[in-house]
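Novice: If you're matching positions, the sequence shown starts at 5 in my numbering and goes up one per residue.
Each residue gets a CB set at the ideal place from its N, CA and C atoms; glycine is no exception.
Next up is a structure, given as structure tokens.
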Amino acid sequence: MEIKYKLYPYPVLSGYSDDYKDGQFDVSIDISRDGYDLKISFQAALTCQSLLDLIQNEKAKYVYHLECAQTGFRTVSQTNKVTETYILSSKQVNGKLQICPFVAAIQDITGYSSADFHNDYSGISFDIEAGCVLAVGKMVTVDISKDIDDLANTPSIFSITRNADATCKQMLVDYSGRKILIKLPLDDYYSYKQLGNMPQAQSILNSLTVIPALTYVLEELRAQSIDERSENADTLWYRTLSKALLTQFGCNIESENYNSQNFMELAQKLINNPISDAFKMLTSSFGISGGDDE
Numbered sequence: 005m006e007i008k009y010k011l012y013p014y015p016v017l018s019g020y021s022d023d024y025k026d027g028q029f030d031v032s033i034d035i036s037r038d039g040y041d042l043k044i045s046f047q048a049a050l051t052c053q054s055l056l057d058l059i060q061n062e063k064a065k066y067v068y069h070l071e072c073a074q075t076g077f078r079t080v081s082q083t084n085k086v087t088e089t090y091i092l093s094s095k096q097v098n099g100k101l102q103i104c105p106f107v108a109a110i111q112d113i114t115g116y117s118s119a120d121f122h123n124d125y126s127g128i129s130f131d132i133e134a135g136c137v138l139a140v141g142k143m144v145t146v147d148i149s150k151d152i153d154d155l156a157n158t159p160s161i162f163s164i165t166r167n168a169d170a171t172c173k174q175m176l177v178d179y180s181g182r183k184i185l186i187k188l189p190l191d192d193y194y195s196y197k198q199l200g201n202m203p204q205a206q207s208i209l210n211s212l213t214v215i216p217a218l219t220y221v222l223e224e225l226r227a228q229s230i231d232e233r234s235e236n237a238d239t240l241w242y243r244t245l246s247k248a249l250l251t252q253f254g255c256n257i258e259s260e261n262y263n264s265q266n267f268m269e270l271a272q273k274l275i276n277n278p279i280s281d282a283f284k285m286l287t288s289s290f291g292i293s294g295g296d297d298e
């Protein structure tokens, strides 16, 4: 969505019109990495008192329209706060992300008038319908590059194999080798192999195997001293894991700060949050509607 010069049947505060003789609407937009996701921070600067009053009285809100033409992603974030943060999954966007800031009515407004109106509108009031734009900020276009570490690609540091011990009925994890070895009981292993041929099942498989295995390894590393951790430096899994933690999360695995991490949460983020996709896949397969709260 691109903001184009547009005429409205009522005054709109914008940089391309003189509907208001005073007042400005600007938004500072800062984008940073939150693991593999994007953290978008909005800081609104609105100097029109009549519009500020509408927001304070919950008749209008700051509205941020986010759209990525390449992926078809489109969403709207609404807030009555000057500062707002939105977390955007990297799975949803690629290429150019367009962000358009507005102030919009969230309910019908009767008899709206402003002392900041241009003299041509002096003494005139307007009825504004819910959803109508009241102010337009400058559109921001951001190039989103797919810079996902190989850790999100399961075969890179994980190897799924069957457990040679037929009496073992539980999944086991061995990180003593080049890769993290996930050993499955025989029946589970063959089920995994069959499901592995279905791309749509990958998020479910990652949630069942990789997430618990990675959580286990992260916890095991915490139990070791920093010197003991560094002894794993020759393994592929340790080098890849260390790089991903440092570049995507600012976490040095060979520091005391590592010990304070929430490893269940971190493991999910490192594999690009497959659990949400797994639930969507399961609800879709069983014909269940998501979002019901009983």
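(1) Using alpha carbons as the reference points, say which of Ile148, Lys65, Ser180, Gln174 lies closest to Ile161.
(2) Just how far apart, CA to CA, sit Gln204 and Ser288?
(3) With a threshold of 6 Å on Cβ separation, who are the neighbours of Gln74 within its own chain once the five nearest residues in sequence on each side are excluded?
(4) Using three-state DSSP, classify Pro105 as helix, strand or coil.
(5) Tyr262 by DSSP, collapsed to three states: which one?
(6) Would you check if the stretch 28 to 47 and the stretch 169 to 178 touch, i.e. whether three or more CB-CB distances between them fall below 8 Å?
(7) Grab me the residues of Ser18's own chain with a C-beta within less than 7 Å of its C-beta, minus the 5 sequence neighbours each way, in chain order.
(8) Would you report the Cα separation of Asp192 and Phe283, rounded to the nearest angstrom?
(9) Does Tyr194 pass the burial test, meaning 16 or more other C-beta atoms within 10 Å, or should it be called exposed?
(10) Short check: CB of Lys187 to CB of Leu176, under 8 Å?
(11) Are the stretch 55 to 65 and the stretch 106 to 114 in contact at 8 Å, needing three or more beta carbon pairs?
(12) Taking Leu92 as the reference, which of Ala248, Val146, Asp124 has the closest Cα?
(13) In three-state terms, what does DSSP make of Gln252?
(14) Looking at Ala271 and Thr239, is the spacing between their C-beta atoms short of 8 Å?
(15) Alpha carbon to alpha carbon, how far is Leu58 from Arg78?
(16) So, are the CB atoms of Ile128 and Ile113 less than 8 Å apart?
(17) Can you give me the C-alpha to C-alpha distance between Glu235 and Ile33, rounded to a whole angstrom?
(18) If the criterion is Cβ atoms closer than 8 Å, does the pair Arg166 and Leu190 meet it?
(19) Select from Val31, Tyr125, Gln206 the residue whose C-alpha is nearest the C-alpha of Asp22.
(20) Which residues in the same chain have their Cβ closer than 6 Å to the Cβ of Ser118, if we skip the five residues on either side of it in sequence?
(21) According to the neighbour-count rule (16 or more other Cβ atoms, all chains shown, within 10 Å of its Cβ), is Phe290 buried or exposed?
Specialist: Taking the structure as given:
(1) The residue with the shortest Cα to Cα distance from Ile161 is Ser180.
(2) 11 Å
(3) Asn98, Gly99
(4) strand
(5) helix
(6) Touching, no.
(7) Ala139, Val140
(8) Asp192 and Phe283 have their alpha carbons spaced roughly 20 Å apart.
(9) exposed
(10) yes
(11) yes
(12) The shortest C-alpha to C-alpha distance from Leu92 to any of Ala248, Val146, Asp124 is the one to Val146.
(13) helix
(14) no
(15) 26 Å
(16) No. Outside cutoff.
(17) 43 Å
(18) Going by C-beta atoms, Arg166 is nearer than 8 Å to Leu190.
(19) Tyr125
(20) Sequence-distant Cβ neighbours of Ser118 in its own chain, meaning closer than 6 Å and more than five residues away, are Ser54.
(21) exposed
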